[in-house]
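Colleague:
There are 2 protein chains.
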Amino acid sequence: MAGTGVGAEEAPRTDGKDTKEVILDAAERLFAERSYASVSLRELTAAAGVNLAAVNYHFGSKDALLLAVFRRGAVTLNKERARLLREAEARAGDQPPPVREIVEALVGPAIRASLTGTALSLYNQFYTLARAGGPPELREMLEKDVGHLQRFVTALTRALPHLPAEEVYWRLHLSLGVQHGSSNDLGRLATLSGGLCQVTDRDALVRRVVDYVTAGLTAPFDP
Amino acid sequence: MAGTGVGAEEAPRTDGKDTKEVILDAAERLFAERSYASVSLRELTAAAGVNLAAVNYHFGSKDALLLAVFRRGAVTLNKERARLLREAEARAGDQPPPVREIVEALVGPAIRASLTGTALSLYNQFYTLARAGGPPELREMLEKDVGHLQRFVTALTRALPHLPAEEVYWRLHLSLGVQHGSSNDLGRLATLSGGLCQVTDRDALVRRVVDYVTAGLTAPFDP
DNA sequence: GTCTATAGAGAGATAGAC
DNA sequence: GTCTATCTCTCTATAGAC
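Protein sequences appear in the order of chains X and S.
Everything in the first sequence is counted per the numbering used here, starting at 973 for the first residue and increasing by one.
Everything in the second sequence is counted per the numbering used here, starting at 973 for the first residue and increasing by one.
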């Protein structure tokens, strides 16, 4: 892992991951487990099995590494969301897809990923922490980057034509809150329920969240 | 503000707040705006207008200060929640209160506070950040401290007798996620909606969240 | 591309005068 | 109870050998 100095530039490692990826994986995990500010590059590079100087060599700075982690996760996540939404729309033909299927495309990928060993597995927690504790550059990016949500606004507006635009935006906002919140505080939930509520089944959790969100989105509206 | 050395122990200041409170206020604000780890004691004491050494004198350590901020906010918040729930229960007599009123008691105080200048105004954000970025001691405390939620479990179980216990816990968990999420990412919501969605009215926001959460809690259940 | 060594800044905590 | 001065530690970032 610690490199040999052998091989050409960008040569793949024996384990199939180059140093950049190894660093990104470790950063995603550690930033998700604790906050960005509380993880040092020393700790991070040790966990990744690379040299301390490698982060600055490959990314330029700790801040730039954070942005890279974020970008990688966001791209993967939003591709998957878009794919699921496209499939739902194809199934529905000319009609808008059922709200339930739109919701599944919106919240499913992040929740499912948070319970697997994929690259996305920690992206949800990472997002929460980075948004709050990260550098201003990232916070601004998160505030401005809404392109990936536009297609969901469109889909929900078509599926819920009786709602004013403002209401659609608000309900979408709250729904994203449910998605983020669903994987936080699971320890507290286990304590509160005396161990009754444990996440054993990925799809069961997604179903719960989708049920809840669908109910919130389709709630009656009286101004 | 910077103290005069005059006066007896615990003497109130001219502005009515002693040093301890001034520090707690500044800490709550700064920890909420950025993360715990990224705010230095130097910055914090400067913002509070007290001496650098004051934090260690009054609280013992930076970690202990964080716990004190958390405790103060949690006590205030949960007293208010409990009061509202008690009132709703009194109004309902022998019957369980309407779900809507239980929800109002659960999520109202934190959201309302997040838009005022009270001591609680930043507690919501503070909670999110501290949970993730704070010291392990705090994280453990958050996981174990569920006493304040028990009365809400009881109330919801009575109001939603057709739901299995497990389902009640899960829906309560997701509802708390909505509450936390409602005040995050408001900048993104404004961007996404082209400025259409702004929080101008405290009560209007609470009403939106209560509507949404009530729908989620009362959604039909099919196992 | 990887590594060691270190510069330089900034952190939390404390001793001791007032 | 407040303040200055400072100790000690750790951090990010980089220069330069390999």
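Using N, Cα and C, we set each Cβ at its ideal position, and we do this for glycine too.
Because the structure is a prediction, the values reported are computed rather than measured.
Could you round the C-beta distance between glycine 1153 of chain S and histidine 1152 of chain X to whole angstroms and report it? I think they count as a contact, below 8 Å.
Modeller: As a first step, residue 1153 of chain S is located in the second sequence; it is residue number 181 there, counting from the start. As a first step, residue 1152 of chain X is located in the first sequence; it is residue number 180 there, counting from the start. With a Cβ gap of about 6 Å, glycine 1153 of chain S and histidine 1152 of chain X count as contacting.
Colleague: Skipping 5 residues on each side, what residues in its chain have a beta carbon closer than 6 Å to that of proline 1081 of chain X?
Modeller: Taking the first sequence and counting its residues from 1, the one referred to as residue 1081 of chain X is at position 109. Here the set comprises Leu1049, Glu1052, Arg1053.
Colleague: Note down, in chain order, all residues in the segment 1078-1089 of chain X with a beta-carbon under 8 Å from any beta-carbon belonging to chain S.
Modeller: Those would be none; no residue qualifies.
Colleague: Is leucine 1168 of chain X helix, strand or coil when you go by DSSP?
Modeller: Translated into the one-based positions of the first sequence, residue 1168 of chain X becomes position 196. Three-state DSSP puts leucine 1168 of chain X in coil, outside helix and strand.
Colleague: Please check if any C-beta of chain X sits within less than 8 Å of the C-beta of valine 1118 of chain S.
Modeller: Locating residue 1118 of chain S in the second sequence gives position 146, where the first residue counts as 1. With 8 Å as the cut-off, valine 1118 of chain S counts as an interface residue toward chain X.
Colleague: Answer yes if the segment 1104-1119 of chain X comes into contact with the segment 1177-1193 of chain X, meaning at least three C-beta pairs across the two stretches below 8 Å, and no otherwise.
Modeller: As far as the Cβ criterion goes, the segment 1177-1193 of chain X does not touch the segment 1104-1119 of chain X, which means the pair count is below three.
Colleague: Would you call the segment 1111-1130 of chain X and the segment 1152-1168 of chain S in contact, with 3 or more CB pairs under 8 Å?
Modeller: Because the criterion of three Cβ pairs below 8 Å is met, the segment 1111-1130 of chain X and the segment 1152-1168 of chain S touch.
Colleague: So what's aspartate 1194 of chain S in DSSP terms, helix, strand or just coil?
Modeller: Translated into positions along the second sequence, residue 1194 of chain S becomes position 222. In this structure, aspartate 1194 of chain S counts as coil in the three-state DSSP scheme.
Colleague: Could you name the residues of the same chain whose beta carbon sits closer than 7 Å to that of alanine 1026 of chain S, not counting the 5 residues immediately before and after it, in chain order?
Modeller: Start at 1 with the first residue of the second sequence, and residue 1026 of chain S comes out as number 54. These residues qualify, in order along the chain: Thr991, Ile995, Thr1017.
Colleague: Hey, how far is the Cα of glycine 1167 of chain X from the Cα of glutamate 1139 of chain X?
Modeller: The residue labelled residue 1167 of chain X in the question sits at position 195 within the first sequence. The residue labelled residue 1139 of chain X in the question sits at position 167 within the first sequence. Answer to the nearest angstrom: the Cα atoms are 37 Å apart.
Colleague: Taking 7 Å as the cut-off, is the C-beta of leucine 1114 of chain X nearer than that to any heavy atom in the ligand GDP?
Modeller: Among the ligands in the structure shown, none appear at all, so the ligand GDP cannot be discussed.
Colleague: Whole angstroms are fine: how far does the CA of arginine 1123 of chain S sit from the CA of arginine 1055 of chain S?
Modeller: Start at 1 with the first residue of the second sequence, and residue 1055 of chain S comes out as number 83. Start at 1 with the first residue of the second sequence, and residue 1123 of chain S comes out as number 151. Distance between the alpha carbons of arginine 1055 of chain S and arginine 1123 of chain S: 11 Å.
Colleague: Considering threonine 1088 of chain X, what are the terminal residues of the alpha helix (DSSP H) in which it resides?
Modeller: On the first sequence, position 116 is the one that residue 1088 of chain X refers to. Where threonine 1088 of chain X is concerned, there is no enclosing alpha helix (DSSP H), given that its DSSP letter is neither H nor E.
Colleague: Under a three-way DSSP split, which group does valine 1178 of chain S fall into?
Modeller: Working through the second sequence from its first residue, we reach residue 1178 of chain S at position 206. Valine 1178 of chain S falls in the helix class under three-state DSSP.
Colleague: Could you confirm whether any beta carbon from chain S is found closer than 8 Å to the beta carbon of glutamate 1115 of chain X?
Modeller: The residue you call residue 1115 of chain X lines up with position 143 of the first sequence. Closer than 8 Å: yes.
Colleague: Starting from the beta carbon of alanine 1127 of chain S, find every residue of chain X whose beta carbon is closer than 7 Å, and list them in chain order.
Modeller: Working through the second sequence from its first residue, we reach residue 1127 of chain S at position 155. What alanine 1127 of chain S touches in chain X: nothing, since even the nearest Cβ is about 14 Å away.
Colleague: Which residue wins for smallest C-alpha separation from aspartate 1035 of chain S, given the options S/Glu1059, S/Glu1000, S/Glu1005, S/Arg1130?
Modeller: The residue you call residue 1035 of chain S lines up with position 63 of the second sequence. It is S/Glu1000.
Colleague: Just how far apart, CA to CA, sit arginine 1006 of chain S and leucine 1038 of chain X?
Modeller: Locating residue 1006 of chain S in the second sequence gives position 34, counting from the first residue. Locating residue 1038 of chain X in the first sequence gives position 66, counting from the first residue. Taking the straight line from one Cα to the other gives about 16 Å.
Colleague: Using the Cα positions of leucine 1094 of chain S and arginine 1058 of chain S, report the straight-line distance between them to the nearest angstrom.
Modeller: Taking the first residue of the second sequence as 1, we reach residue 1094 of chain S at position 122. Taking the first residue of the second sequence as 1, we reach residue 1058 of chain S at position 86. Roughly 25 Å between the two C-alpha positions.
Colleague: Would you mind listing the alpha helix (DSSP H) stretches within the segment 1054-1130 of chain S that are 4+ residues and don't spill past its ends, in chain order?
Modeller: Segments of the alpha helix (DSSP H) lying fully in the segment 1054-1130 of chain S: 1071-1085, 1095-1105, 1108-1116.
Colleague: Any Cβ of chain X within less than 8 Å of the Cβ of valine 1181 of chain S?
Modeller: The residue labelled residue 1181 of chain S in the question sits at position 209 within the second sequence. Closer than 8 Å to some Cβ of chain X, the Cβ of valine 1181 of chain S qualifies, so yes.
Colleague: Output needed for valine 1185 of chain X: all residues of its chain with C-beta closer than 7 Å, excluding positions within five of it in sequence on either side, in chain order.
Modeller: In the first sequence, counting from the first residue as 1, residue 1185 of chain X sits at position 213. Around valine 1185 of chain X: Val1075, Val1079, Ser1147, Val1150.
Colleague: Take valine 1011 of chain S and list the residues in its own chain whose beta-carbon comes closer than 7 Å to its own, dropping the five residues that flank it on each side.
Modeller: To locate residue 1011 of chain S, count along the second sequence from 1; it is residue 39. The residues are Leu1002, Phe1003.
Colleague: In the structure shown, what three-state DSSP assignment does histidine 1134 of chain S receive?
Modeller: Counted from its first residue, the second sequence places residue 1134 of chain S at position 162. It is coil, neither helix nor strand.
Colleague: Rounded to a whole number of angstroms, what is the C-alpha to C-alpha distance between leucine 1128 of chain X and glutamate 1073 of chain X?
Modeller: One-based indexing of the first sequence puts residue 1128 of chain X at position 156. One-based indexing of the first sequence puts residue 1073 of chain X at position 101. For leucine 1128 of chain X and glutamate 1073 of chain X, the distance between alpha carbons rounds to 10 Å.
Colleague: Going along chain S in order, which residues have a C-beta closer than 7 Å to the C-beta of leucine 1101 of chain X?
Modeller: Here residue 1101 of chain X refers to the residue found at position 129 when the first sequence is read from its first residue. Chain S residues near leucine 1101 of chain X: Ala1104, Gly1105.
Colleague: Evaluate proline 1192 of chain X with the Cβ neighbour count: other Cβ atoms within 10 Å of its Cβ, from every protein chain shown; 16 or more gives buried, anything less gives exposed.
Modeller: The residue you call residue 1192 of chain X lines up with position 220 of the first sequence. Proline 1192 of chain X comes out exposed.
Colleague: Is the separation between the beta-carbon of alanine 1040 of chain S and that of alanine 1060 of chain S shorter than 8 Å?
Modeller: The count along the second sequence starts at 1 and reaches residue 1040 of chain S at position 68. The count along the second sequence starts at 1 and reaches residue 1060 of chain S at position 88. Result no, Cβ atoms of alanine 1040 of chain S and alanine 1060 of chain S do not sit closer than 8 Å.
Colleague: If we cut at 8 Å on Cβ distances, does histidine 1152 of chain X have a partner in chain S?
Modeller: Here residue 1152 of chain X corresponds to residue number 180 of the first sequence, with the count starting at 1. Interface residue, yes.
Colleague: Using a Cβ-Cβ cutoff of less than 7 Å, which residues in the same chain neighbour leucine 1114 of chain X once the five nearest sequence positions on both sides are dropped?
Modeller: In the first sequence, the residue the question calls residue 1114 of chain X occupies position 142. Same-chain partners within the cutoff: Arg1103.
Colleague: Tell me the rounded alpha-carbon separation between isoleucine 1083 of chain X and asparagine 1156 of chain X.
Modeller: The residue given as residue 1083 of chain X occupies position 111 in the first sequence. The residue given as residue 1156 of chain X occupies position 184 in the first sequence. Rounded to whole angstroms, isoleucine 1083 of chain X to asparagine 1156 of chain X spans 11 Å at the Cα level.
Colleague: Output the distance between the C-alpha atoms of arginine 1130 of chain S and tyrosine 1008 of chain X, rounded to the nearest integer angstrom.
Modeller: On the second sequence, position 158 is the one that residue 1130 of chain S refers to. On the first sequence, position 36 is the one that residue 1008 of chain X refers to. If you take the alpha carbons of arginine 1130 of chain S and tyrosine 1008 of chain X, they lie about 42 Å apart.
Colleague: Does glycine 1203 of chain X come within less than 8 Å of chain S when only Cβ atoms are used?
Modeller: No information on residue 1203 of chain X is available, as it lies outside the stretch 973 to 1195 that chain X covers here.
Colleague: Quick check: what's the CA-CA separation for aspartate 997 of chain X versus threonine 1100 of chain X?
Modeller: Counted from its first residue, the first sequence places residue 997 of chain X at position 25. Counted from its first residue, the first sequence places residue 1100 of chain X at position 128. Roughly 17 Å separates the two Cα atoms.
Colleague: Measuring straight from C-alpha to C-alpha, what distance separates tryptophan 1142 of chain X and leucine 1024 of chain X?
Modeller: The sequence position of residue 1142 of chain X within the first sequence is 170, counting from 1. The sequence position of residue 1024 of chain X within the first sequence is 52, counting from 1. Taking the straight line from one Cα to the other gives about 44 Å.
Colleague: Can you give me the start and stop residues for the alpha helix (DSSP H) that leucine 1016 of chain S sits inside?
Modeller: Counting from one through the second sequence, the residue named residue 1016 of chain S turns up at place 44. It spans 1013-1020 - the alpha helix (DSSP H) in which leucine 1016 of chain S sits, taken as one unbroken run.
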